[in-house]
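**Q** Chains A and B, in that order, give the protein sequences. Final position of the first sequence in my numbering is 377; the numbers increase by one with none missing. Final position of the second sequence in my numbering is 377; the numbers increase by one with none missing. Please see the structure below; I have some questions.
Number of protein chains: 2
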Amino acid sequence: MNLKQLSHMLSLSQTTVSRALNGYPEVNEETRRRVMDAAKRHGYRPNPSARRLATGKTGMIGYVLPTGTSVDIDPHFVEFLSGLGDYARSHELDLVLSPADADDQETTYRRIVANRQVDAVYISSPRPADRRVALVNTLGIPFIVHGRSEGFDFDYPFTDIDNEGAFHEAARLLVQLGHRRLALINGDDRETFAIHRERGVRRALAASGLTLGERHVCSVVMTEENGYRATRRLLEQGDAPTAIACSSLIMALGVVRAVRDLGLTIPGDLSLIAHDDVFPWLKPENFSVPLSTTRSSIRLAGARVAERLAARISGLEEGARGEVWPVDLVVRGSVAGAPA
Amino acid sequence: MNLKQLSHMLSLSQTTVSRALNGYPEVNEETRRRVMDAAKRHGYRPNPSARRLATGKTGMIGYVLPTGTSVDIDPHFVEFLSGLGDYARSHELDLVLSPADADDQETTYRRIVANRQVDAVYISSPRPADRRVALVNTLGIPFIVHGRSEGFDFDYPFTDIDNEGAFHEAARLLVQLGHRRLALINGDDRETFAIHRERGVRRALAASGLTLGERHVCSVVMTEENGYRATRRLLEQGDAPTAIACSSLIMALGVVRAVRDLGLTIPGDLSLIAHDDVFPWLKPENFSVPLSTTRSSIRLAGARVAERLAARISGLEEGARGEVWPVDLVVRGSVAGAPA
DNA sequence: CAGAAAGGCCAAAGCGCTTTGAGAGACTTT
DNA sequence: AAAGTCTCTCAAAGCGCTTTGGCCTTTCTG
Numbered sequence: 038m039n040l041k042q043l044s045h046m047l048s049l050s051q052t053t054v055s056r057a058l059n060g061y062p063e064v065n066e067e068t069r070r071r072v073m074d075a076a077k078r079h080g081y082r083p084n085p086s087a088r089r090l091a092t093g094k095t096g097m098i099g100y101v102l103p104t105g106t107s108v109d110i111d112p113h114f115v116e117f118l119s120g121l122g123d124y125a126r127s128h129e130l131d132l133v134l135s136p137a138d139a140d141d142q143e144t145t146y147r148r149i150v151a152n153r154q155v156d157a158v159y160i161s162s163p164r165p166a167d168r169r170v171a172l173v174n175t176l177g178i179p180f181i182v183h184g185r186s187e188g189f190d191f192d193y194p195f196t197d198i199d200n201e202g203a204f205h206e207a208a209r210l211l212v213q214l215g216h217r218r219l220a221l222i223n224g225d226d227r228e229t230f231a232i233h234r235e236r237g238v239r240r241a242l243a244a245s246g247l248t249l250g251e252r253h254v255c256s257v258v259m260t261e262e263n264g265y266r267a268t269r270r271l272l273e274q275g276d277a278p279t280a281i282a283c284s285s286l287i288m289a290l291g292v293v294r295a296v297r298d299l300g301l302t303i304p305g306d307l308s309l310i311a312h313d314d315v316f317p318w319l320k321p322e323n324f325s326v327p328l329s330t331t332r333s334s335i336r337l338a339g340a341r342v343a344e345r346l347a348a349r350i351s352g353l354e355e356g357a358r359g360e361v362w363p364v365d366l367v368v369r370g371s372v373a374g375a376p377a
Numbered sequence: 038m039n040l041k042q043l044s045h046m047l048s049l050s051q052t053t054v055s056r057a058l059n060g061y062p063e064v065n066e067e068t069r070r071r072v073m074d075a076a077k078r079h080g081y082r083p084n085p086s087a088r089r090l091a092t093g094k095t096g097m098i099g100y101v102l103p104t105g106t107s108v109d110i111d112p113h114f115v116e117f118l119s120g121l122g123d124y125a126r127s128h129e130l131d132l133v134l135s136p137a138d139a140d141d142q143e144t145t146y147r148r149i150v151a152n153r154q155v156d157a158v159y160i161s162s163p164r165p166a167d168r169r170v171a172l173v174n175t176l177g178i179p180f181i182v183h184g185r186s187e188g189f190d191f192d193y194p195f196t197d198i199d200n201e202g203a204f205h206e207a208a209r210l211l212v213q214l215g216h217r218r219l220a221l222i223n224g225d226d227r228e229t230f231a232i233h234r235e236r237g238v239r240r241a242l243a244a245s246g247l248t249l250g251e252r253h254v255c256s257v258v259m260t261e262e263n264g265y266r267a268t269r270r271l272l273e274q275g276d277a278p279t280a281i282a283c284s285s286l287i288m289a290l291g292v293v294r295a296v297r298d299l300g301l302t303i304p305g306d307l308s309l310i311a312h313d314d315v316f317p318w319l320k321p322e323n324f325s326v327p328l329s330t331t332r333s334s335i336r337l338a339g340a341r342v343a344e345r346l347a348a349r350i351s352g353l354e355e356g357a358r359g360e361v362w363p364v365d366l367v368v369r370g371s372v373a374g375a376p377a
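As structure tokens, then:
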């Protein structure tokens, strides 16, 4: 059942039927009802391929997926996707993942824009002066950055959480509890979120005349193993920290294991606060010692990004507004006063 | 730069240019070279929207993504996706995720097929007599099932691992080590993989005249918390098992925590084997007691599924061949003889 | 009551590609 | 030399939608 057939059986032109269906004003309400009715009865669904050829609109949002045998997709992605998908569903949007060589995403971005394969894209895990952001900005496709970049001479729309504020609060709490030697086990410090978190910790320390020692900050891919290694290194050196802020729950697993291996305890010997993106399958309150966290649902962020993308596609949102969500500090058993 | 312009500057018809580019035989090799050359020089890329309208081919593979506020996407998905994406990239395929109400995926499958939105689809986490499999089979779109369904009067193409064999081996090892009371902490037993794993365990036990007690098998969503709860329940009841087979590494985290909470040890009081899908961010050898596992890279499976989908799209593969991959049993410190 | 404005509808021209059916030449075959 | 084959190329007809520009009525204005 295509438009031609439908208009034929209604004895109307394709023009009128198309307009009736798409809500254009220049069609009689009575006629529109007839058309709508017939369309529903015959299960007419406009062919998207034809529509996109005519309009350029695809009803899809895009994401360039860095791949490669040695490239791992972040497990956070799946939670973000849950939120994104949930919103997208309610708006009949599909998501197209375009796999790209992790070292050459530009080609793929250019392709999906030139080919009009999607109506909008989002970018995640941005770095300072991220080339992808600059690229999509010049390419002129609607986009939202999940996270933040820095150092451009233009503004861009983003949704981010207050990473600096979160880690500032976390560190401030630890300092208040008497800790003087903090350490930060961070994610990849080429990414903005990690930079912001470090900044937050430093600012809190500075407020009390303290500093974050060179050897007290590590930047690693966020795996359990790396959390373990970083902690061993931190705790086995002289000048061991009495408190650790950690950028992910998965790394925190490794921290806990290392502490246990060393015969130490949390929070007696070490206080620990980690960032929690709220996974359904791993919860901070279920750590052997309930884990204090800075909490922000990455799933909600996914939904929000989808919402903004949809708004931009339909022209309801424009401009370069960035939004920063506050982060909850949730105190549980893993923090205590500094050991004497 | 479109076909019209290109053919114009070559003083050829669109037909000839199109054929030259698409490798049709009825065009002079000399002409073809000229065309290819000009196309490359001017960066001509056929407009996919137009092409798909004309041919119905999209260059995309589809996946219907069950969503909903209370629906969690399995973290395994991201690893599978890594493999799938890596292969898809090398073949210029995109992946489109169509979010659907988890309780009504049929509508979405029908839509993407009717609209010719993708060239092929894959189905994951199938259940026995899975309606999705029956549906795509009748809809006639190329597909591959990742996993297996059961109980159809037709065959279908799938790629699965030998879940039954893997858990059979695992259980057999435990029995050989003298364990008489095994327990199985399984995933959702409405899914085929879980059924097969249980079958494997039962078969191994039966071979030694043992059985899997009603209260010794649990079927839960695979989270750390559920692993913990299941283990507490198992170990605190009379008739506590001396060995556990567990369907996921994440649940195994909970098992380990529960054992520790109860003041017991692995493998002294309890032997543990878990299934490992090979995550980059959580490795069995890094458990406080290195974890024995049945190991199979879900990432490789993703790549294989993509490969087969590509083959089916291009007509290189047809028929309903199913393939079953063997699973490695990797013995580490978490198993030992049954306690006396 | 003439002229303008608005309302409702349509034919046809795209969108950019593939594919059908046919034709012009060159080259064999009888 | 007429007829039949190949080889290469083309014009034109789709694919199924949206959108432009225009036409015919009807209704409003002065």
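Ideal placement from N, C-alpha and C gives every residue a C-beta, glycine not left out.
Check whether the stretch 233-241 of chain B and the stretch 265-275 of chain B are in contact - that is, three or more C-beta pairs closer than 8 Å.
**A** Result no; under three Cβ-Cβ pairs closer than 8 Å.
**Q** Express the C-alpha separation of residue 119 of chain A and residue 284 of chain B in angstroms, rounding to a whole number.
**A** Residue numbering aside, residue 284 of chain B sits at position 247 when the second sequence is read from its first letter. Residue numbering aside, residue 119 of chain A sits at position 82 when the first sequence is read from its first letter. Cα-Cα distance, rounded: 23 Å.
**Q** For residue 156 of chain A and residue 215 of chain A, which I take to be in contact (beta-carbon distance under 8 Å), what is that distance rounded to the nearest angstrom?
**A** In the first sequence, the residue the question calls residue 156 of chain A occupies position 119. In the first sequence, the residue the question calls residue 215 of chain A occupies position 178. Not a contact, Cβ separation roughly 54 Å.
**Q** If we call anything under 8 Å between Cβ atoms a contact, is residue 371 of chain B one with residue 308 of chain B?
**A** In the second sequence, the residue the question calls residue 371 of chain B occupies position 334. In the second sequence, the residue the question calls residue 308 of chain B occupies position 271. If you check the CB distance, residue 371 of chain B and residue 308 of chain B come in under 8 Å.
**Q** Counting contacts by CB-CB distance shorter than 8 Å, is residue 287 of chain B in contact with chain A?
**A** Taking the second sequence and counting its residues from 1, one reaches residue 287 of chain B at position 250. At least one CB atom of chain A sits nearer than 8 Å to the CB of residue 287 of chain B.
**Q** So what does DSSP say about residue 74 of chain A, is it helix, strand or coil?
**A** Locating residue 74 of chain A in the first sequence gives position 37, counting from the first residue. DSSP places residue 74 of chain A in helix when its eight states are reduced to three.
**Q** What does the Cβ neighbour count give for residue 351 of chain B, buried or exposed, with the cut at 16 atoms within 10 Å?
**A** Walking along the second sequence from the start, residue 351 of chain B turns up at place 314. Exposed is the call here.
**Q** In angstroms, rounded to a whole number, what distance separates the CA positions of residue 129 of chain A and residue 59 of chain A?
**A** Residue mapping note: residue 129 of chain A aligns to position 92 of the first sequence, counting from 1. Residue mapping note: residue 59 of chain A aligns to position 22 of the first sequence, counting from 1. C-alpha separation (whole angstroms): 15 Å.
**Q** With 8 Å set as the bound, which would you pick, yes or no: does the beta-carbon of residue 259 of chain B sit closer than that to a beta-carbon of chain A?
**A** In the second sequence, the residue the question calls residue 259 of chain B occupies position 222. Taking Cβ atoms only, chain A reaches closer than 8 Å to residue 259 of chain B, which makes this a yes.
**Q** Could you compute how far the alpha carbon of residue 226 of chain A sits from the alpha carbon of residue 256 of chain A?
**A** Here residue 226 of chain A refers to the residue found at position 189 of the first sequence. Here residue 256 of chain A refers to the residue found at position 219 of the first sequence. Distance between the alpha carbons of residue 226 of chain A and residue 256 of chain A is about 6 Å.
**Q** According to DSSP, is residue 233 of chain A helix, strand or coil?
**A** Reading the first sequence from its first residue, position 196 is the one you call residue 233 of chain A. Of the three classes helix, strand and coil, the one that applies to residue 233 of chain A here is helix, per DSSP.
**Q** To test your reading of the DSSP string, which unbroken alpha helix (DSSP H) runs of 4 or more residues are found completely within the stretch 154-203 of chain B?
**A** 168-176
**Q** At what residue ranges does the stretch 316-350 of chain A contain a whole run of the alpha helix (DSSP H), taking only runs of 4 or more?
**A** Segments of the alpha helix (DSSP H) lying fully in the stretch 316-350 of chain A: 335-350.
**Q** Thinking residue 174 of chain A and residue 195 of chain A are a contact (beta carbons under 8 Å), I'd like their distance in whole angstroms, please.
**A** Numbered from 1 along the first sequence, position 137 holds the residue referred to as residue 174 of chain A. Numbered from 1 along the first sequence, position 158 holds the residue referred to as residue 195 of chain A. Not really, about 12 Å apart at Cβ, beyond 8 Å.
**Q** Restricting to Cα atoms, I'd like to know which of A:76, A:329 and A:268 is closest to residue 278 of chain A.
**A** Counting from one through the first sequence, the residue named residue 278 of chain A turns up at place 241. Comparing Cα positions, the closest option is A:268.
**Q** Below 8 Å between beta carbons: does that hold for residue 115 of chain B and residue 115 of chain A?
**A** Against the second sequence, residue 115 of chain B aligns to sequence position 78. Against the first sequence, residue 115 of chain A aligns to sequence position 78. Yes.
**Q** Measure from the C-beta of residue 151 of chain B to each C-beta in chain A and report whether the shortest distance is under 8 Å.
**A** Taking the first residue of the second sequence as position 1, residue 151 of chain B is located at position 114. Closer than 8 Å: yes.
**Q** To test your reading of the DSSP string, which unbroken alpha helix (DSSP H) runs of 4 or more residues are found completely within the stretch 255-279 of chain A?
**A** 261-273
**Q** For residue 288 of chain A, which of helix, strand or coil comes out of DSSP?
**A** If you number the first sequence from 1, residue 288 of chain A lands on position 251. Helix, per DSSP.
**Q** According to DSSP, is residue 207 of chain B helix, strand or coil?
**A** Here the question's residue 207 of chain B lines up with position 170 in the second sequence. Helix, per DSSP.
**Q** Are there three or more Cβ pairs, one per stretch, closer than 8 Å when the stretch 296-311 of chain A is compared with the stretch 81-96 of chain A?
**A** Taking one beta carbon from each stretch, the stretch 296-311 of chain A and the stretch 81-96 of chain A have fewer than 3 pairs nearer than 8 Å; the two do not touch.
**Q** Can you tell me where the alpha helix (DSSP H) with residue 221 of chain B in it begins and where it stops?
**A** On the second sequence, residue 221 of chain B is found 184 positions in, with the first residue counted as 1. First-last for residue 221 of chain B: 219-223, but that is the beta strand (DSSP E), not the alpha helix (DSSP H).
**Q** Taking the continuous alpha helix (DSSP H) assigned at residue 249 of chain A, which residues delimit it?
**A** For the purposes of this step, residue 249 of chain A is identified with residue 212 of the first sequence, where counting begins at 1. No alpha helix (DSSP H) contains residue 249 of chain A, which DSSP labels as neither H nor E.
**Q** Taking only beta-carbon atoms, is residue 125 of chain A less than 8 Å away from chain B?
**A** Here residue 125 of chain A corresponds to residue number 88 of the first sequence, with the count starting at 1. Taking Cβ atoms only, chain B reaches closer than 8 Å to residue 125 of chain A, which makes this a yes.
**Q** Taking residue 353 of chain B as the reference, give the member of B:360, B:344, B:201 and B:361 with the closest Cα.
**A** If you number the second sequence from 1, residue 353 of chain B lands on position 316. Sorting B:360, B:344, B:201 and B:361 by C-alpha distance to the C-alpha of residue 353 of chain B places B:344 at the top.
**Q** Straight-line CA distance for residue 93 of chain B to residue 152 of chain A?
**A** Taking the second sequence and counting its residues from 1, one reaches residue 93 of chain B at position 56. Taking the first sequence and counting its residues from 1, one reaches residue 152 of chain A at position 115. When rounded, the distance between both Cα atoms is 16 Å.
**Q** Grab me the residues of residue 327 of chain A's own chain with a C-beta within less than 8 Å of its C-beta, minus the 5 sequence neighbours each way, in chain order.
**A** Position 290 of the first sequence, counted from the first residue, corresponds to residue 327 of chain A. Contacts found: 321, 369, 370 and 371.
**Q** Since residue 364 of chain A and residue 203 of chain A are thought to touch, with beta carbons under 8 Å apart, how far apart are those beta carbons, to the nearest angstrom?
**A** Working through the first sequence from its first residue, we reach residue 364 of chain A at position 327. Working through the first sequence from its first residue, we reach residue 203 of chain A at position 166. Confirmed, about 4 Å.
**Q** Distance cutoff 8 Å, beta carbons only. Does residue 178 of chain A sit that close to anything in chain B?
**A** On the first sequence, position 141 is the one that residue 178 of chain A refers to. Not an interface residue.
**Q** Quick one: what's residue 98 of chain A bridged to in DSSP?
**A** If you number the first sequence from 1, residue 98 of chain A lands on position 61. BP columns for residue 98 of chain A point to A:132 and A:157.
**Q** Rounded to the nearest angstrom, what separates residue 236 of chain B and residue 201 of chain B at their Cα positions?
**A** Counting from 1 along the second sequence, the entry for residue 236 of chain B is found at position 199. Counting from 1 along the second sequence, the entry for residue 201 of chain B is found at position 164. If I take the Cα positions, the gap works out to 6 Å.
**Q** Express the C-alpha separation of residue 310 of chain B and residue 253 of chain B in angstroms, rounding to a whole number.
**A** By 1-based counting over the second sequence, the position of residue 253 of chain B is 216. By 1-based counting over the second sequence, the position of residue 310 of chain B is 273. Those two C-alpha atoms are separated by around 15 Å.
**Q** For residue 132 of chain A versus residue 102 of chain A, is the C-beta distance shorter than 8 Å?
**A** Here residue 132 of chain A is taken as the residue at index 95 of the first sequence, counted from 1. Here residue 102 of chain A is taken as the residue at index 65 of the first sequence, counted from 1. Not in contact: residue 132 of chain A and residue 102 of chain A (Cβ atoms no closer than 8 Å).
**Q** For the beta strand (DSSP E) holding residue 359 of chain B, just list the boundary residues, first then last.
**A** Here residue 359 of chain B refers to the residue found at position 322 of the second sequence. First-last of the beta strand (DSSP E) with residue 359 of chain B: 359-362.
**Q** Which bits of chain A does residue 230 of chain B rub up against, with CB to CB less than 7 Å?
**A** Residue 230 of chain B sits at position 193 when you count from the first residue of the second sequence. In chain order: nothing, as chain A lies at least about 17 Å away.
**Q** Given residue 335 of chain A, which residues of its chain have a CB within under 7 Å of its CB, disregarding the five upstream and five downstream residues?
**A** Position 298 of the first sequence, counted from the start, is the residue given in the question as residue 335 of chain A. These residues qualify, in order along the chain: 113, 116, 117, 314 and 315.
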